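Going line by line, the protein sequences match chains C and U.
Residue numbers for the first sequence follow our numbering, so the first one is 59 and each next one is one higher.
Residue numbers for the second sequence follow our numbering, so the first one is 92 and each next one is one higher.
Just so you know, even glycine gets a beta-carbon here, dropped at the ideal spot from N, CA and C.
Source: prediction; values computed, not measured.
In what follows, a structure is listed as structure tokens, so that the remarks can point back to it.
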Amino acid sequence: MSGTYLGMPAFPRAADVSTRDTRLRANLTHATHTIRDKRAAAVAELDDWAQLRAAGAAVKDRVLRRLDHYLEQLEAAVTAAGGQVHWAADAEEANRIVTALVRETGEREVVKVKSMATQEIGLNQALEDAGIRAYETDLAELIVQLGDDLPSHILVPAIHRNRAEIRDIFRREMGRWGRPAPEGLSDSPAELAEAARLHLREKFLSAKVGISGANFMVAETGTLVVVESEGNGRMCLTLPETLISVVGIEKVVPTWQDLEIFLQLLPRSSTAERMNPYTSTWTGTTDGDGPRNFHLVLLDNGRTDTLADTVGRQALRCIRCSACLNVCPVYERAGGHAYGSPYPGPIGAILTPQLRGMQGPLEESLPYASSLCGACYEVCPVAIDIPEVLVHLRERVVEGGPVTRGGTRTVVKPARGHAAERAAMRAAAWTFDHPGVLRRGMRLAARTRRLHPRRLPGPGRAWSRTRALPAVPAESFRDWWRRTRGESPSGPTGERGAGE
Amino acid sequence: MSSRDVVLGRVRRALAAEPRDTGRNEPPVVRDYRRVHGSRTAAQTVELLAENLADYRAVVHRSDPAGLPALIARLLADRGARSVVVPRGLPASWLEAALAASSGLTRIEDRAALTPAELDAVDSVVTGCAVAIAETGTLVLDAGPDQGRRRITLVPDHHVCVVRVPDQVVGSVPQALPRLAPDRPLTWISGPSATSDIELDRVEGVHGPRTLEVILLSASGQSG
């Protein structure tokens, strides 16, 4: 790992490697099954879950439908409360704004609370290039950062590591970043957590600048909300003098009251708890309590392009709970890194190609990283129909069509590499229009079935590499029907009337 | 053109096909979910709070005003606390017994000049709270006079929080929000700091207080 998602291979190639990693698969199976069972129990405690879910989806849809209005309302409220609002059209601009804000403070170090948005824009690297060191303070993010690794799960980013690996990383790397790991550190989770506590506390106590994301922003009041478990979020949000929050524009909700929906949906869907240990809310700055300077960087970076797609926009409802990852048979086997982005699993398969555009082999492959079983839709607390968006995006890959890139409407061509699939589909369509041809073809297939290869040659090779070819029966259905019933399968006017 | 104009312009173009009404014709958000789950008396709500606090490994105690100072004194002594930080508005009587019984205990006032490093050397913190939520086992602090700045309940390792029952207890999240002011900084606490990042083994106390003790304080004669 090089600490960046850039240049990641297409999903099938990455998954080909990761599915052979037996330790990874064991870690993942244990994790996803544990969380999914606990989540089901936590959700079952609320008999109005379906109503909450519908209300959550409706609130988010309402926001998306008038996003400009709510963003302007939010900006006014944050400004009135003493915060400063910045707008970033893309990752580069967001990084430039944050780097400049940190430089203004004269500081060379910042503490960070886990933030998907800052991972998405590669902020840590941008800061490093500017000579500023960013310390990740979530335990899992710390493990990832010290191991020069990448997050592989939205909720538990180091889920691909087991305790022995984590102990080795702490022993080897902590000293290079600050306070070294204690002598004789064992691999018990309690000792490892204590080592992280000691290592990070010296950072928290001296930090002058904190960087965060946010789970929600309330347009009506200008309030930001961060939901967490460890307390590192509270440390980053309250101890530094300057707080910079980088938040995607889709995270806004209209009213204070709306939090009653999401503060019930999110913890139970995510960590399977009635409530996460800590939730912080703040509105601008408060005299004598918390940071004196608060900056909110509103991030587009492909979100408005996603908004322009009326089918795909529902991905912007996502509240990053990660429930869809834990039920996905594909994620469970392939792991998070194969998705090539901070957003793995089913939500990543629809979010990444939309945020970045179908610009390369990875983005084009992601809509196919699914069995379309629908489990992700079932558990989604804001009812994102992930299978619907996957199919929609597959159509864009194969057929091309209208998309919005960088705010400009354009028409994309079909992706290269799908010519064989389109040719096969055209041939199939023609064959089904000519029943006589179909019948003769099926008979021929049945008679030659012992000669069929296990793998397809030529353009079909990639398809059959990951699938078993269906066995051809000794007799076609039509022949069987005719032999046992003595009549044409499609009725008196069917086959003969049309084709012969 | 500013980035603000760029982003808002893109949003408007993306939504060009949507009807641009003023919000009155918006599809309504149906709020047919429950305001509270199940029906309980005030006393039962307090019981549920106690259960759910304990389920998240907070230590729950009960007291009345007469017994409170002695209880706080005992909890601090049991921890071997040598210093305790308190918010300015904490009722003076609450700590009388603790400060009298143990001459070794130093009372530290929550004040803006207190540095994070100074706070790190403090053993315990005693506060009140704004609202407690029974269904989720959550305490909400709103930086009120008896709760102080957010950091005093974060940096010390031992937090004693007094909840006035049943006045400060609500059943559910929807009942809590209207009682909270959005312009105040809020801290919602459900059990002590915890992580499950290592093989999903739950470990308490990563960065916040490792021990959370909650005193359910009932009016005189209603203790128990």
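Contact annotation, Pro335 (chain C) with Ile280 (chain U): C-beta distance approximately 7 Å; criterion of less than 8 Å satisfied. Beta-bridge pairing by DSSP links Met293 (chain C) to no other residue.
The beta carbons of Val98 (chain U) and Ala277 (chain C) sit about 15 Å from each other, so the pair does not count as a contact at 8 Å.
Separation of Ile217 (chain C) and Leu200 (chain C) (C-alpha to C-alpha, rounded to the nearest whole angstrom) is 12 Å. Only Ser287, Glu288, Gly289, Asn290, Gly291, Arg292, Met293, Leu295, Thr296, Leu297, Ile307 and Pro312 from the stretch 286-312 of chain C bring a Cβ to less than 9 Å from some Cβ of chain U. Nearest neighbour of Pro238 (chain C) by Cα position, chosen from C:Asp245, C:Glu260, C:Glu223 and C:Arg221, turns out to be C:Glu260. Beyond the five residues adjoining it in sequence on each side, Leu230 (chain U) comes within less than 6 Å, by CB distance, of Cys220, Ala223, Cys252 and Ile280 in the same chain, given in chain order. Scanning its chain for C-beta atoms nearer than 7 Å, with the 5 sequence neighbours on each side dropped, one finds around Ala73 (chain C) the residues Ala392 and Ala396, in chain order. Apart from the 5 residues on each side of it in sequence, Ile306 (chain U) sits with its Cβ closer than 6 Å to the Cβ of His152, Ser154 and Val253 in its chain, given in chain order. Residue ranges of uninterrupted beta strand (DSSP E) with 3 or more members, entirely inside the stretch 219-252 of chain U and ordered along the chain, are 222-224 and 229-232.
By the criterion of at least three beta-carbon pairs nearer than 8 Å, the stretch 102-110 of chain U is not in contact with the stretch 98-106 of chain C.
Nearest neighbour of Arg221 (chain C) by Cα position, chosen from C:Ala198, C:Val305 and C:Trp235, turns out to be C:Ala198. Within the same chain, Cβ atoms closer than 6 Å to the Cβ of Thr281 (chain C) are found at Thr339 and Thr341, the five residues on either side in sequence being excluded. Around the Cβ of Thr296 (chain C), a 10 Å sphere holds 16 or more other Cβ atoms; the residue is buried. Chain-ordered, the chain C residues with CB closer than 8 Å to the CB of Glu290 (chain U) read Asn85, His88, Ala89, Asn220, Arg221 and Pro247. Only exposed fits Leu509 (chain C), as fewer than 16 other CB atoms lie within 10 angstroms of its CB. Looking at the DSSP output, Glu200 (chain U) shares a beta bridge with U:Val177.
For Ser215 (chain U), the beta-bridge partners assigned by DSSP are U:Val175 and U:His249. Per DSSP, reduced to three states, the secondary structure at Leu64 (chain C) is coil, with no helix or strand assignment.
Using a CB distance below 8 Å, no part of the stretch 410-438 of chain C faces chain U.
Judged by DSSP secondary structure, Gly459 (chain C) falls within the beta strand (DSSP E) whose first and last residues are Gly459 to Arg463.
Look at His152 (chain U) here: in three-state DSSP terms it is strand.
Contact note: Ala272 (chain C) does not reach chain U at a C-beta cutoff of 8 Å; the least C-beta distance is about 14 Å. Interface flag for Asp347 (chain C) against chain U is set, since a Cβ pair is found closer than 8 Å.
The beta-carbon distance between Gly205 (chain C) and Ile227 (chain C), rounded to whole angstroms, is 5 Å. This is short enough to meet the 8 Å contact definition. If you draw a 10 Å sphere on the C-beta of Gly171 (chain U), you find fewer than 16 other C-beta atoms in it, and that means exposed.
Per DSSP, Glu308 (chain C) lies in no alpha helix (DSSP H) segment and is marked neither H nor E. Listed along the chain, the chain C residues whose CB falls inside 8 Å of the CB of Asp211 (chain U) are Arg259 and Leu263. Interface with chain U (8 Å Cβ-Cβ cutoff): Met333 (chain C) is included. Within chain C, the residues whose beta carbon sits less than 8 Å from that of Ala234 (chain U) are Thr344 and Asp347, listed in sequence order. Of all C-beta pairs linking the stretch 318-333 of chain C to the stretch 521-535 of chain C, fewer than three are shorter than 8 Å, placing the two stretches out of contact. Of the candidates C:Leu527, C:Leu86 and C:Arg507, the residue whose Cα lies closest to the Cα of Leu514 (chain C) is C:Leu527.
Non-local C-beta neighbours of Glu304 (chain U) in its own chain, meaning closer than 6 Å and more than five positions away in sequence, comprise Val150, Leu166 and Val251, ordered along the chain. A distance below 8 Å separates the beta carbons of Val267 (chain C) and Val168 (chain C). Going by DSSP, Tyr397 (chain C) is part of no beta strand (DSSP E) at all; its letter is neither H nor E.
For a Cβ distance threshold of 8 Å, nothing in chain C lies close to Thr302 (chain U): the least Cβ distance comes to about 13 Å.
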